[in-house]
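Asker: Before I ask anything, here is the structure I am working with.
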Amino acid sequence: MKADRDDAPEWLTSRPRKSGSMVAVLAGGVGMVITLGLLTVAGEAFMQSTVKNLAENRQQPKPKPVAEITRVEPAPAKDWDRIVEQQARRDAMSQQLSEQLSGSGSPAIKQTVFNDQNYTARGADNVLSLRESYQPGAPEKPAGKVRVTVIKEKQKLKDWACRGREGSIERRNCRSHVGLNYRD
2 MKADRDDAPE
12 WLTSRPRKSG
22 SMVAVLAGGV
32 GMVITLGLLT
42 VAGEAFMQST
52 VKNLAENRQQ
62 PKPKPVAEIT
72 RVEPAPAKDW
82 DRIVEQQARR
92 DAMSQQLSEQ
102 LSGSGSPAIK
112 QTVFNDQNYT
122 ARGADNVLSL
132 RESYQPGAPE
142 KPAGKVRVTV
152 IKEKQKLKDW
162 ACRGREGSIE
172 RRNCRSHVGL
182 NYRD
């Protein structure tokens with residue numbers, strides 16, 4: 002006995018679908034509430050046991066010392082400010098000596114303070130001068146006649162032994178047979 006799907010009553014063929022997403026959200030919410038409740042209860046129990054342990058293990062405060070003993074900190078091994086000043090004095094002395102020996106009448110003034118009022122712009126370091134004319138290099142000379150030697154490639158056995166239409170099955174089979182049996 003055969004029946005078509007259209008012959009079945011409507012209540013059998015069409016089922017009202019329940020919202021599966023609503024059930025999943027409800028189950029997730031209940032699970033979250035239960036988990037948070039368990040974590041809260043466990044945290045409270047842990048905190049109570051921790052507070053009891055702290056109260057039992059409470060140590061007596063240390064008595065105040067009658068006198069404090071402090072140690073003098075050792076001086077730093079090198080006083081860099083003093084060393085730099087001494088070196089600057091030595092450099093200044095050697096510069097004065099070199100100026101006196103060179104016999105220049107007016108000592109060169111060295112700029113030591115840099116601000117907007119005494120700024121003098123310097124030109125760029127990597128600029129080409131246009132005063133010098135451009136000199137192109139000598140053009141290349143064309144090469145003379147070149148002798149060309151052509152070396153002919155050795156023809157393979159499977160190329161000249163197998164005749165037939167390019168890409169045909171007979172030619173492919175012949176080439177594979179020759180290639181397997183006669184290595185060159």
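For what it's worth, the numbering used here labels the leading residue of the sequence shown as 2, then goes sequentially.
All C-beta atoms, glycine included, are put in the ideal place defined by N, C-alpha and C.
Please say whether residue 162 and residue 179 have beta carbons closer to each other than 8 Å?
Answerer: Result yes, Cβ atoms of residue 179 and residue 162 sit closer than 8 Å.
Asker: Just verifying my parser: in three-state terms, what is the DSSP assignment at residue 24?
Answerer: Note: residue 24 maps to helix in three-state DSSP.
Asker: For residue 186, which three-state DSSP category applies?
Answerer: Because the chain in this structure spans residues 2 to 185, residue 186 falls outside the shown range and cannot be described.
Asker: Could you check the C-alpha separation between residue 159 and residue 169 for me, to the nearest Å?
Answerer: Cα-Cα distance, rounded: 14 Å.
Asker: Can you tell me the Cα-Cα spacing of residue 78 and residue 95, whole angstroms?
Answerer: If I take the Cα positions, the gap works out to 28 Å.
Asker: If you reduce the DSSP assignment to three classes, tell me which class residue 175 lands in.
Answerer: Reduced to three states, the DSSP call for residue 175 is helix.
Asker: Measuring only the C-alpha atoms, how far is residue 49 from residue 43?
Answerer: Their backbone Cα atoms lie some 10 Å apart in a straight line.
Asker: Among the residues of its own chain, which have a CB less than 8 Å from the CB of residue 6, if the five just before and after it don't count?
Answerer: For residue 6, where only same-chain residues beyond five positions count, the Cβ hits under 8 Å are 14.
Asker: How far does the alpha helix (DSSP H) with residue 159 in it reach, from first residue to last?
Answerer: Residue 159 -> alpha helix (DSSP H) spans 158-162.
Asker: Between residue 171 and residue 3, what straight-line distance do the alpha-carbon atoms span, to the nearest angstrom?
Answerer: Cα to Cα, the separation comes out at about 57 Å.
Asker: How many angstroms separate the CA atom of residue 98 from the CA atom of residue 122?
Answerer: If you take the alpha carbons of residue 98 and residue 122, they lie about 31 Å apart.
Asker: Using three-state DSSP, classify residue 29 as helix, strand or coil.
Answerer: If DSSP states are grouped into helix, strand and coil, residue 29 belongs with the helices.
Asker: Any idea what DSSP makes of residue 170, helix, strand or coil?
Answerer: DSSP places residue 170 in helix when its eight states are reduced to three.
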